[in-house]
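Chemist: At position 194 of the sequence shown the residue is numbered 1041 (our numbering), and the sequence of numbers has no breaks.
Glycine included, every Cβ here is placed at the ideal spot set by N, Cα and C.
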Amino acid sequence: MKTTRGTILAGLCLAGMTVIIPASANAQTSEVKEKPPMYCYISNWDIPRAQWADMAKADEADRPILDKAMAGGTIVGYGSDVNLVHRPDGETNDGWWCATSMAGVLNVLDQFYQGGNATSSVLSSATKHWDELWVSRYYNWHSGSVKNGYTHVGFYKLKPDAPDDGLETLSKNLIVPLLEKQLAAGTIAEYEIDTAAIHTEAPGGFLIVYLATSGEGMDKVQAAVGEVLKSNPLAGQAFGSMTEDSAHRDELIRTNATYK
848 MKTTRGTILA GLCLAGMTVI IPASANAQTS EVKEKPPMYC YISNWDIPRA
898 QWADMAKADE ADRPILDKAM AGGTIVGYGS DVNLVHRPDG ETNDGWWCAT
948 SMAGVLNVLD QFYQGGNATS SVLSSATKHW DELWVSRYYN WHSGSVKNGY
998 THVGFYKLKP DAPDDGLETL SKNLIVPLLE KQLAAGTIAE YEIDTAAIHT
1048 EAPGGFLIVY LATSGEGMDK VQAAVGEVLK SNPLAGQAFG SMTEDSAHRD
1098 ELIRTNATYK
């Protein structure tokens, strides 16, 4: 998912609150465990509007490499995104893939360079380009493909005085239980909580990403956030106490994705 796949739950961005999430906030708390790392490489492009159709063709041209890598167990997911809320300094498109090892990510990247995919004419038309490498230890998905889904990505930054295990606490007690419920209901197809594996920006930032299967799914997630905050206000207060309100950014993107 990242700065290009840059918030999730806009309703979670509450500032100026200074409490800790109680252990009783969610009955699922004890079940949430950190998973083995999942690495996601994201290649971001600012493509002129006249070349957007060519970019879609380039994404299709990448599929044989990605399908083969997933069939062989090198990666666990891949996809492409089109930004729906454009910014002067942002991307229009991105492509990404995820693996459970750094080697898996880099193996696919090497194949793109060797096959010439990374230097196609449409990519050469980009006015801006940057790459990101994220790592997640809290994630889950449904196997299969999603076409024209909606990904909500949220960038947050921990406050300097946040506890060392602040993100772990938020993930286990608030974010993961909420998103696991939406995953089980089929409202979303995937979620992840990411931190930078290669720091191209100052440390302390993290992403909360979820992929809804429809626009209605976006509404359902936001409604679920509202219910959590209503029934358990201390959870929202804890989130606000650990994160910097001014650093919060959101992205809404259209996604085609496939997961193992």
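Nearest to VAL929 by CA position, among ASN891, PRO911, TYR985, is which residue?
Modeler: In the sequence shown, residue 929 corresponds to position 82, counting from 1. The residue with the shortest Cα to Cα distance from VAL929 is ASN891.
Chemist: Among the candidates GLN961, LYS1019, PRO1010, whose CA atom is the shortest distance from the CA of GLY1051?
Modeler: Within the sequence shown, the letter at position 204 stands for residue 1051. The shortest C-alpha separation from GLY1051 is found at PRO1010.
Chemist: Would you list the residues sitting across from ASP1097 in a DSSP beta bridge?
Modeler: Reading the sequence shown from its first residue, position 250 is the one you call residue 1097. GLY1001, per the DSSP bridge assignment.
Chemist: Could you tell me the distance, in whole angstroms, from the CA atom of ASN964 to the CA atom of LEU956?
Modeler: Looking up residue 964 in the sequence shown gives position 117. Looking up residue 956 in the sequence shown gives position 109. Approximately 10 Å, taken between the alpha carbons.
Chemist: What does DSSP give as the partner residues of TRP981 in its beta bridges?
Modeler: Start at 1 with the first residue of the sequence shown, and residue 981 comes out as number 134. According to DSSP, TRP981 bridges with CYS887, ALA1043.
Chemist: Between the Cα of SER972 and the Cα atoms of PRO1080, ASP1092, THR939, which residue gives the shortest distance?
Modeler: On the sequence shown, position 125 is the one that residue 972 refers to. Of PRO1080, ASP1092, THR939, the residue nearest in Cα terms is THR939.
Chemist: Answer with buried or exposed for THR1073, where buried requires no fewer than 16 other C-beta atoms within 10 angstroms of its C-beta.
Modeler: Residue 1073 sits at position 226 when you count from the first residue of the sequence shown. Contrary to the premise, residue 1073 reads as Gly rather than Thr in this sequence. By the 10 Å Cβ count, GLY1073 comes out exposed.
Chemist: Name, in chain order, the residues that DSSP records as bridge partners for VAL1056.
Modeler: Working through the sequence shown from its first residue, we reach residue 1056 at position 209. VAL1056 pairs with VAL1000, GLU1039.
Chemist: Please classify VAL819: does DSSP put it in a helix, a strand, or coil?
Modeler: Outside the modelled stretch of the chain, which goes from 848 to 1107, sits residue 819, for which no answer is possible.
Chemist: Mind reading off the beta-carbon distance from ASP1041 to VAL1056? Whole number of angstroms is fine, and I expect it under 8 Å.
Modeler: Working through the sequence shown from its first residue, we reach residue 1041 at position 194. Working through the sequence shown from its first residue, we reach residue 1056 at position 209. Between VAL1056 and ASP1041 the Cβ distance is about 7 Å, and since that is below 8 Å, they are a contact.
Chemist: For SER1018 versus VAL879, is the C-beta spacing smaller than 9 Å?
Modeler: Counting from 1 along the sequence shown, the entry for residue 1018 is found at position 171. Counting from 1 along the sequence shown, the entry for residue 879 is found at position 32. Yes. Within cutoff.
Chemist: Out of curiosity, what's the CA-to-CA distance linking THR974 and ALA1082?
Modeler: Mapped onto the sequence shown, residue 974 falls at position 127. Mapped onto the sequence shown, residue 1082 falls at position 235. So the alpha carbons of these two residues sit roughly 42 Å apart.
Chemist: Work out the CA separation of SER927 and LYS994 for me, nearest whole Å.
Modeler: Here the question's residue 994 lines up with position 147 in the sequence shown. Here the question's residue 927 lines up with position 80 in the sequence shown. Taking the straight line from one Cα to the other gives about 10 Å.
Chemist: In terms of DSSP beta bridges, what is ASP1011 paired with?
Modeler: Stepping through the sequence shown from its first residue, residue 1011 is reached at position 164. Answer is none; ASP1011 lacks a bridge partner.
Chemist: Measuring straight from C-alpha to C-alpha, what distance separates ASP893 and GLY996?
Modeler: For the purposes of this step, residue 893 is taken as the residue at position 46 of the sequence shown. For the purposes of this step, residue 996 is taken as the residue at position 149 of the sequence shown. Each residue's Cα considered, the two are about 21 Å apart.
Chemist: Would ARG852 be called buried (16 or more neighbouring beta carbons within 10 Å of its own) or exposed?
Modeler: If you number the sequence shown from 1, residue 852 lands on position 5. The predicted position of ARG852 is uncertain, since its pLDDT is 46 and thus under 50; a value taken from the coordinates is nonetheless stated next. Looking at its Cβ environment, which holds 16 or more other Cβ atoms inside 10 Å, ARG852 is buried.
Chemist: Just to confirm, are LEU1026 and TYR1038 a CB contact at a threshold of 9 Å?
Modeler: Taking the first residue of the sequence shown as 1, we reach residue 1026 at position 179. Taking the first residue of the sequence shown as 1, we reach residue 1038 at position 191. The answer is yes: Cβ separation under 9 Å.
Chemist: In three-state terms, what does DSSP make of VAL923?
Modeler: Residue 923 sits at position 76 when you count from the first residue of the sequence shown. Three-state result, VAL923: coil.
Chemist: Are there 16 or more other CB atoms within 10 angstroms of the CB of SER1088, so buried, or fewer, so exposed?
Modeler: In the sequence shown, counting from the first residue as 1, residue 1088 sits at position 241. SER1088 is buried by the Cβ-count criterion.
Chemist: Which same chain residues, not among the five before or five after ASP1008, have their C-beta less than 8 Å away from its C-beta?
Modeler: Indexing the sequence shown from 1 puts residue 1008 at position 161. Result list for ASP1008: empty, nothing under 8 Å.
Chemist: Label PRO1024 either buried or exposed according to how many other C-beta atoms from any shown protein chain fall within 10 Å of its C-beta, with 16 as the threshold for buried.
Modeler: As a first step, residue 1024 is located in the sequence shown; it is residue number 177 there, counting from the start. Its Cβ being crowded by 16 or more others within 10 Å, PRO1024 is buried.
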